[in-house]
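Participant:
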Amino acid sequence: MDPVEEMLWSISALIGCFSLALIVPLTIYFAARAKEMREERVRKTAIEKLRDDIGADD
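Heads up: the sequence shown begins at 157 in the working numbering, then just goes up one per residue.
Below, the structure is given as structure tokens:
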């Protein structure tokens with residue numbers, strides 16, 4: 157029973173380490189991508205509004 161228990165602890169440690177090693181950077185990556193997409197939407201809206209304002213002046 158001891159080798160089986162040791163194997164289970166090893167597997168859980170491996171899964172835990174990979175989770176910490178992957179989840180934190182992936183969370184940062186996806187948060188940065190979401191912010192970039194949000195900023196792009198705001199930029200496009202501002203450009204369209206500026207074009208509409210310039211077109212209204214003509």
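All C-beta atoms in this analysis are idealised placements derived from N, C-alpha and C, irrespective of residue type, glycine included.
Just how far apart, CA to CA, sit alanine 188 and arginine 199?
Facilitator: Rounded to whole angstroms, alanine 188 to arginine 199 spans 16 Å at the Cα level.
Participant: Taking the straight line between their C-alpha atoms, what separation do you get for aspartate 208 and glutamate 195?
Facilitator: Cα-Cα distance, rounded: 20 Å.
Participant: When you compare only the Cα positions, how much space is there between methionine 193 and isoleucine 167?
Facilitator: Distance between the alpha carbons of methionine 193 and isoleucine 167: 38 Å.
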